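Colleague:
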Amino acid sequence: MKKIKNLSESDFLKLFFAFFTLAFLAAAFFMPDRANMLTGLGQILSQPSKISTNYFALGGYAATFLNMGLVSAICLLLFILFRGTLTNVSNLAVILTVGFASWGINILNIWPSIFGVMIYGLVKKEKMGSLVNAMLFSTGIAPLITDLMIRYPHPEAVGFNLEGILIALAVGFVIGFFLPAGLANSPKVHKGFDLYSAALPVGMTAFLLNATLFKTLGVDLPAAPSAETLQVASRLTVNVFCCVLFGLCVVFAFVLGCRPRDYWNLLTDPDLVTNFSSTYGNPVYLMNVGVFGLFILGYYNLIGASFNGVTLGIIFCMLATCDSGSHPGNVWPIMLGYFVASTVCGWISPLVGGHFAMAVNAQAICVGLCYANGLSPIADKYGWKFGFLAAVLHYLLVTSVPNLHGGYCLYNGGFTAALICIILVPELERFAKTKDERKTLKSK
Numbered sequence: 070m071k072k073i074k075n076l077s078e079s080d081f082l083k084l085f086f087a088f089f090t091l092a093f094l095a096a097a098f099f100m101p102d103r104a105n106m107l108t109g110l111g112q113i114l115s116q117p118s119k120i121s122t123n124y125f126a127l128g129g130y131a132a133t134f135l136n137m138g139l140v141s142a143i144c145l146l147l148f149i150l151f152r153g154t155l156t157n158v159s160n161l162a163v164i165l166t167v168g169f170a171s172w173g174i175n176i177l178n179i180w181p182s183i184f185g186v187m188i189y190g191l192v193k194k195e196k197m198g199s200l201v202n203a204m205l206f207s208t209g210i211a212p213l214i215t216d217l218m219i220r221y222p223h224p225e226a227v228g229f230n231l232e233g234i235l236i237a238l239a240v241g242f243v244i245g246f247f248l249p250a251g252l253a254n255s256p257k258v259h260k261g262f263d264l265y266s267a268a269l270p271v272g273m274t275a276f277l278l279n280a281t282l283f284k285t286l287g288v289d290l291p292a293a294p295s296a297e298t299l300q301v302a303s304r305l306t307v308n309v310f311c312c313v314l315f316g317l318c319v320v321f322a323f324v325l326g327c328r329p330r331d332y333w334n335l336l337t338d339p340d341l342v343t344n345f346s347s348t349y350g351n352p353v354y355l356m357n358v359g360v361f362g363l364f365i366l367g368y369y370n371l372i373g374a375s376f377n378g379v380t381l382g383i384i385f386c387m388l389a390t391c392d393s394g395s396h397p398g399n400v401w402p403i404m405l406g407y408f409v410a411s412t413v414c415g416w417i418s419p420l421v422g423g424h425f426a427m428a429v430n431a432q433a434i435c436v437g438l439c440y441a442n443g444l445s446p447i448a449d450k451y452g453w454k455f456g457f458l459a460a461v462l463h464y465l466l467v468t469s470v471p472n473l474h475g476g477y478c479l480y481n482g483g484f485t486a487a488l489i490c491i492i493l494v495p496e497l498e499r500f501a502k503t504k505d506e507r508k509t510l511k512s513k
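Take the position in the sequence shown, starting the count at 1, then add 69; the result is the number in this note's numbering.
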């Protein structure tokens, strides 16, 4: 155990993601529909995956966990093959990609954009190991790749065809080739206050492609999956899997030497820390994976969310920031903001003759909260009240943003968070004081 504890950040994350991969693969074989695992996986690969597609309904439980495990294995193998160094950004990229593997990403639709990033590396003569994070972030537009392969320009799926595959490859290559430049400049736009930084260039790219491939050419935008498909869910399956996985993380963290006060230091650190594993050590990082994961799971249980494939995925998409700055101490104001905003809007809507459909446990709002989590640096730097405010603004905007990208950007909520930063952060810098500034004034 001492050797594991003292592993470098990169080696420890590789070991953790190997465990992560095995957990999903093992779960697939425990599902009651495991006999149809491969058939279900074939359905996931060959059917549209526009957000929000519930893979539990599309391919079944076993196939969903199998797809998540295989996607996780691909992520890890890319780092091993290209000798990439894993960091907190890699943690975000891997867990986020795996989270989407239950409602938008599969082992087929990720490759065109990944190949695009590889082409960029060859042209710019950059080491592939340094580009693996970009490869994974490029998959945020994977649902469009699937649609291009099986139903563009038709409204309904017609199956794989040579023309569609060539268009998907071309679009994927372009996306991947130009994404690294966007990733490098994105933090300058939101000033580091959106932890889902890749969402901005991916969202803008999806916006451009939606306008080019559909709006401008007069092609009808294919419909999203029927809301009825979201009803295929299992609270028991998701809760048991997540409790076991996150519980084991907590146990292993204790075994590796993480003490309660070590984790308390992370929760109460007054500084804005964006890399937990290198700052506090591997055991404390692992403790945050477990505790933060259980915290997220508890929230979705508390509000009565439907535990379908989408909800399973967003638990991990939210957990993805567990090494980049998010923890229960700075995320609770975000959750509170969403709850209050939903309650107030639900009260106002009938007064103005509206038809309210954005309750706190509505699927779109559950997904939105997941990415509002990316605004936790605002709560960290300016205090919980401003984190609460950022969450309210995110709630108001997040369900309108898909109109821009046509439902093809998996990072919709992260893209929305970037827009909130563009609106809110300049005002905070002009009119508000940071927690440190208030503390200094109080001491004087």
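Here a beta-carbon is modelled for each residue, glycine too, at the ideal position from N, C-alpha and C.
The structure displayed is predicted, hence computed values, not measured ones.
#1: For S513, does the three-state DSSP call read helix, strand or coil?
#2: Ordered along the chain, which non-local residues of its own chain (more than five positions away) have a Cβ less than 7 Å from that of G482?
#3: Any idea if L235 is buried or exposed, counting beta-carbon neighbours within 10 angstroms, 16 or more meaning buried?
#4: Please report the straight-line C-alpha distance between D505 and P495, rounded to a whole angstrom.
#5: Any idea if F99 is buried or exposed, counting beta-carbon neighbours within 10 angstroms, 16 or more meaning buried?
#6: Count Cβ pairs between the segment 264 to 280 and the segment 471 to 485 that sit closer than 8 Å; are there 3 or more?
#7: If you draw a straight line from the C-alpha of T412 to the C-alpha of K193, how long is it?
#8: Tell me the rounded alpha-carbon separation between M197 and E78.
#9: Touching or not, the segment 372 to 382 and the segment 88 to 99, by the rule of three or more beta carbon pairs under 8 Å?
#10: Can you name the start and end residues of the alpha helix (DSSP H) that A293 belongs to?
#11: Mapping DSSP to helix, strand and coil, what is Q432?
#12: Thinking C-alpha only, which one of I384, L363, F283 and I447 is nearest H223?
#13: Looking at the unbroken alpha helix (DSSP H) that takes in F169, where does it start and where does it end?
#14: Suppose contacts are defined by Cβ-Cβ distances below 8 Å. Is C144 in contact with L205 by that definition?
#15: Measuring straight from C-alpha to C-alpha, what distance separates N150 and G423?
#16: Leaving out five residues before and five after Q590 in sequence, what residues of the same chain have Cβ atoms less than 6 Å from its Cβ?
#17: Note down the Cα distance separating L155 from A142, rounded to an integer number of angstroms.
#18: Can you say whether T509 is buried or exposed, counting buried as having 16 or more other CB atoms within 10 angstroms of its CB?
#19: Would you mind reading off the limits of the alpha helix (DSSP H) that contains W172?
#20: Reducing DSSP to helix, strand and coil, say where R152 ends up.
#21: Do the segment 337 to 357 and the segment 100 to 109 meet, that is, are 3 or more Cβ pairs less than 8 Å apart?
#22: State the Cα-Cα distance for the pair L458 and N472, rounded to the nearest angstrom.
#23: Tell me whether the beta-carbon of V83 lies closer than 8 Å to the beta-carbon of D216.
#24: Under three-state DSSP, which class holds P471?
#25: Please return the same chain residues whose Cβ sits closer than 6 Å to the Cβ of I447, not counting the five positions on each side in sequence.
#26: Assuming A282 is part of the alpha helix (DSSP H), what are its boundary residues?
#27: From what residue to what residue does the alpha helix (DSSP H) around V240 run?
Modeller: Judging by the given coordinates:
#1: Position check: residue 513 holds Lys in this sequence, whereas Ser was assumed. K513 falls in the coil class under three-state DSSP.
#2: V436, G437, C439, Y440, A441 and V467
#3: exposed
#4: 18 Å
#5: exposed
#6: yes
#7: 51 Å
#8: 19 Å
#9: no
#10: Here A293 belongs to no alpha helix (DSSP H), and DSSP marks it neither H nor E.
#11: helix
#12: F283
#13: N157 to F169
#14: yes
#15: Note on residue identity: the sequence assigns Leu, not Asn, to residue 150. Looking at the two C-alpha atoms, the distance is approximately 54 Å.
#16: Residue 590 lies beyond the range of the chain shown here (70 to 513); nothing can be said about it.
#17: 15 Å
#18: exposed
#19: Note, W172: premise wrong, no alpha helix (DSSP H); not H, not E.
#20: coil
#21: no
#22: 24 Å
#23: First, the amino acid is wrong: residue 83 is Lys here, not Val. Result no, Cβ atoms of K83 and D216 do not sit closer than 8 Å.
#24: helix
#25: F262, F455, G456 and A459
#26: The sequence given here places Leu at residue 282; Ala does not occur at that position. No alpha helix (DSSP H) holds L282; DSSP gives it neither H nor E.
#27: L231 to H259
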